[in-house]
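There are 2 protein chains.
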Amino acid sequence: MPDEDQRPPERARRLPRAVRERQILDAAVRVFSRHGYHAASMDEISDVAGVSKPMIYTYLGSKEDLFGKSIQREATRLLEAIQAGAQPDLPPDMQLWHGLRSFYRFVAEYRESWTVLHRQALTVGGTFAGEVTAMRGRAIELVAALVVSAGTRKGLGEQAEFSGAGLAAALVGAAESLADWALDHPEISDGVLASWLMNLVWLGFNDLVEGQVWKPLPETHSES
Amino acid sequence: MPDEDQRPPERARRLPRAVRERQILDAAVRVFSRHGYHAASMDEISDVAGVSKPMIYTYLGSKEDLFGKSIQREATRLLEAIQAGAQPDLPPDMQLWHGLRSFYRFVAEYRESWTVLHRQALTVGGTFAGEVTAMRGRAIELVAALVVSAGTRKGLGEQAEFSGAGLAAALVGAAESLADWALDHPEISDGVLASWLMNLVWLGFNDLVEGQVWKPLPETHSES
DNA sequence: AGCAAAGGCTACCCATGAGTAGGTAAGCGG
DNA sequence: CCGCTTACCTACTCATGGGTAGCCTTTGCT
Numbered sequence: 013m014p015d016e017d018q019r020p021p022e023r024a025r026r027l028p029r030a031v032r033e034r035q036i037l038d039a040a041v042r043v044f045s046r047h048g049y050h051a052a053s054m055d056e057i058s059d060v061a062g063v064s065k066p067m068i069y070t071y072l073g074s075k076e077d078l079f080g081k082s083i084q085r086e087a088t089r090l091l092e093a094i095q096a097g098a099q100p101d102l103p104p105d106m107q108l109w110h111g112l113r114s115f116y117r118f119v120a121e122y123r124e125s126w127t128v129l130h131r132q133a134l135t136v137g138g139t140f141a142g143e144v145t146a147m148r149g150r151a152i153e154l155v156a157a158l159v160v161s162a163g164t165r166k167g168l169g170e171q172a173e174f175s176g177a178g179l180a181a182a183l184v185g186a187a188e189s190l191a192d193w194a195l196d197h198p199e200i201s202d203g204v205l206a207s208w209l210m211n212l213v214w215l216g217f218n219d220l221v222e223g224q225v226w227k228p229l230p231e232t233h234s235e236s
Numbered sequence: 013m014p015d016e017d018q019r020p021p022e023r024a025r026r027l028p029r030a031v032r033e034r035q036i037l038d039a040a041v042r043v044f045s046r047h048g049y050h051a052a053s054m055d056e057i058s059d060v061a062g063v064s065k066p067m068i069y070t071y072l073g074s075k076e077d078l079f080g081k082s083i084q085r086e087a088t089r090l091l092e093a094i095q096a097g098a099q100p101d102l103p104p105d106m107q108l109w110h111g112l113r114s115f116y117r118f119v120a121e122y123r124e125s126w127t128v129l130h131r132q133a134l135t136v137g138g139t140f141a142g143e144v145t146a147m148r149g150r151a152i153e154l155v156a157a158l159v160v161s162a163g164t165r166k167g168l169g170e171q172a173e174f175s176g177a178g179l180a181a182a183l184v185g186a187a188e189s190l191a192d193w194a195l196d197h198p199e200i201s202d203g204v205l206a207s208w209l210m211n212l213v214w215l216g217f218n219d220l221v222e223g224q225v226w227k228p229l230p231e232t233h234s235e236s
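First to last, the protein sequences are chains A and B.
The opening residue of the first sequence carries number 13 in my numbering; numbering runs sequentially from there.
The opening residue of the second sequence carries number 13 in my numbering; numbering runs sequentially from there.
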C-alpha cells in the first residue's frame with residue numbers, strides 16, 4: 013500500500029547533519045531556558061527538536077556537552093552582536109552607548125538566549141559557570157576600561173582607577189537587570205533603555221568633576 | 013556489650029523539635045546555595061544537618077516544602093535587615109543610603125542566604141520563583157517610590173514618573189551585581205559600596221536638573 | 001542492480017535520588 | 001515499673017531520566 017502515509021506533520025525526514033545539529037541546539041536552548049539545566053530532560057529536548065534521543069547523543073554528545081555547546085553558541089552570538097555595535101575607534105561614551113543599544117536589541121530578539129546565559133548557566137557548578145562568569149568578567153573589564161579611561165581623561169585619576177572595577181560591575185548588573193525588566197515592557201525601545209543607563213552612569217560619574225549632560229548625537233537614536 | 017559505643021562525634025541525641033528544625037533549615041540553605049535546588053539531594057542535607065532523612069520529612073515536609081521554607085526564612089531575614097536600616101522618616105536619599113549599607117552588611121555576613129535568594133530561587137519554576145520575584149518586585153517598587161519622590165521634589169515631574177520604574181530596576185540590579193562582586197573583594201566596606209551606588213545613581217539622576225553632590229553625613233559613614 | 005554509508009528509530013538498561021515503612025530507644029506521667 | 005509519646009534510625013520502594021544496543025531505511029555511487 014504505497015502512498016498510505018498521509019505524512020501529517022511532514023516530519024522532515026533525512027536532513028543533513030548540520031541542519032539537524034542546528035535544530036537540536038535550538039531546541040536545547042529553548043528547553044534549558046525554560047527549565048534550567050537539571051530540570052530539562054533530554055526527552056523533552058529531543059521532542060522539541062523533532063528528533064529521537066539517540067540522535068542528540070550521536071551528534072552533540074552528553075547532556076553536559078549539549079549544554080556547554082548551547083551556552084557557547086549563545087554567548088558567541090551575544091558578544092558578536094555587542095561588538096558589532098560598539099566600534100572601538102569611537103570615544104568611550106559612544107562605545108558604551110552603542111554597545112548598550114546592541115545589547116538590548118539582542119535581548120529583545122533572542123529572549124531565550126539571554127535567559128539561558130543570564131539565569132541558567134550560573135546555576136550549574138563547574139565548567140560552564142566558569143566559562144560564563146569569565147565571559148561576563150571580560151565584559152566587566154571592557155566596561156571598566158571605558159569608565160577608567162573616561163574618568164582619567166576627565167581628571168579623576170586615581171579615584172577612577174580605584175573604583176572603576178566596582179562601578180563597572182554595578183553598571184553591567186544594572187544593564188542586565190534592566191534587560192530583564194524590559195522583557196516585561198516591550199514597548200520601551202532599546203534607545204530609551206540605553207539612554208537611561210547612560211544618563212545614570214555617565215552623568216553620575218562625570219559629574220563628580222563637572223556637571224555636564226550627556227546625550228546621544230541626534231542622528232543615531234530614535235526614542236519617544 | 014554495653015558502653016561499646018565510643019560515641020565519637022557525640023551526635024547530640026534527642027533534641028527538641030524546634031532546635032532540629034533550625035539545624036535542618038541551616039543545612040538546607042547551605043546545600044541549596046551550593047548546588048541549587050535540583051542538584052541538591054535530601055541525603056546530603058540530612059547529612060549536613062546531622063540528622064536522618066525521615067526527620068526532614070516528618071518535620072519540614074517534602075523537598076519543595078523545605079526549599080520554600082528556606083527561601084522564606086532567608087528572604088524575611090534580608091528584608092528585616094534592610095528595613096532595620098532604612099527608617100521611613102528619613103529623607104529619600106538617606107533612606108536609600110542606609111538601606112544599601114544594611115543590604116551589603118547582610119550579604120557579607122550571610123553569603124549563603126544571599127546566594128540562595130539571588131541565584132537559586134529563580135531557577136525553580138513555579139511557586140518559589142514567583143515568591144522571590146514578587147519580593148524583589150516589592151523592593152524595586154520601594155526604590156522606585158524613593159526615586160520618583162526625590163525626582164518630583166527636584167522638579168523632574170513627569171519624566172521621573174515615567175522612567176522611575178526602569179531606573180529602580182536598574183538600581184536594584186546594580187546593587188545586586190555589586191553585591192556579587194563584593195563577595196570577591198571583602199576588603200571593600202559596605203559604606204564604600206553604598207556610596208559608589210549613591211554617587212552613580214543619585215548624582216546622575218538629580219543632576220538632570222542641577223549639579224549637586226550627594227554625600228553621606230560625616231557621622232554615619234567610615235570609608236577610605 | 002547492488003551495496004555501503006549515513007540518517008534515523010524503538011526499546012531497553014540502570015544509577016540516582018525522592019519518599020516511606022516499620023522499628024528502636026529515651027524521657028515522663030502515673 | 002509500666003505504658004505512652006516523642007525523637008530518631010535503618011533499610012527499603014519506585015519513578016525519573018541519562019545513556020545505549022541493535023535495527024531499519026533512504027540515498028548516492030558504481
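Glycine residues also receive a C-beta, built at the ideal position from the N, C-alpha and C atoms.
Please read these numbers as outputs of a predicted model, since none were measured by experiment.
Counting only residues of its own chain and dropping the five nearest sequence neighbours on each side, threonine 135(A) has a CB closer than 7 Å to the CB of Gly48, Tyr49. Taking 8 Å as the Cβ-Cβ cut-off, the stretch 180-196 of chain B approaches chain A at Ala181, Ala182, Leu183, Val184, Gly185, Ala186, Ala187, Glu188, Ser189, Leu190, Asp192, Trp193, Ala194, given in chain order. Counting of Cβ neighbours within 10 angstroms places serine 207(A) among the buried residues, the total reaching 16 or more. Within 9 Å of the CB of arginine 131(A), the CB atoms of chain B belong to Arg131, Leu134, Thr135, in sequence order along the chain. The Cβ neighbour count for glutamine 107(A), taken over all protein chains shown within 10 Å, is at least 16; the residue is labelled buried. Those residues of the stretch 86-108 of chain A placed with their C-beta closer than 9 Å to a C-beta in chain B do not exist. Burial of arginine 113(A) is indicated by the presence of at least 16 other C-beta atoms within 10 angstroms of its C-beta.
A distance below 9 Å separates the beta carbons of leucine 90(B) and phenylalanine 115(B). Here aspartate 192(A) carries a helix assignment [DSSP, helix/strand/coil]. Taking C-beta separations shorter than 8 Å and ignoring five residues to either side along the sequence, the partners of serine 161(A) in its chain run Pro104, following chain order.
For tyrosine 122(B), not one C-beta of chain A is nearer than 9 Å to its own C-beta. For a cut-off of 8 Å, the C-beta gap from leucine 212(A) to leucine 190(B) is around 14 Å, too long to register as a contact. With contacts defined as CB atoms closer than 9 Å, valine 119(A) and leucine 195(A) qualify as a contacting pair. Of the other Cβ atoms in all chains shown, 16 or more fall within 10 Å of the Cβ of aspartate 202(A); this residue is therefore buried. One Cα belongs to alanine 133(A), the other to alanine 187(B), and the distance between them is close to 21 Å. DSSP places isoleucine 200(B) in the coil class of the three-state scheme, outside both helix and strand.
Of the candidates Arg34(B), Gln35(B), Ala98(B), Val43(B), the residue whose Cα lies closest to the Cα of tryptophan 126(B) is Val43(B). Residues of the stretch 47-68 of chain B with a Cβ closer than 9 Å to any Cβ of chain A, in chain order: His47, Gly48, Tyr49, His50, Ala51.
Alanine 180(A) and alanine 151(A) have their alpha carbons spaced roughly 9 Å apart. Chain order gives the chain A residues near glycine 178(B) as Leu190, Trp193, Ala194, His197, Ile200, Val204, Leu205, Trp208, where near means a beta carbon separation below 9 Å. Between glycine 178(A) and tryptophan 193(B) a beta carbon distance of about 6 Å is seen, short of the 8 Å cut, so the two are scored as contacting. Non-local beta-carbon contacts of glutamine 35(A) in its own chain, meaning distances under 6 Å to residues more than five positions away in sequence, involve Ala61 in chain order. It is roughly 7 Å from the alpha-carbon of lysine 75(A) to the alpha-carbon of methionine 54(A). No residue range can be given for glutamine 99(B), since it is assigned to no alpha helix (DSSP H) and is classified by DSSP as neither H nor E. A check of alpha carbon separations from alanine 39(B) across Glu143(B), Ala96(B), Ile57(B), Gly97(B) identifies Ile57(B) as the nearest.
Its Cα nearest to that of alanine 87(B), the residue Tyr122(B) stands out among Gly97(B), Tyr122(B), Gly176(B), Ser64(B).
In this structure, Ala141(A) is the residue among Ile200(A), Glu199(A), Ala141(A) with its C-alpha nearest to the C-alpha of arginine 46(B).
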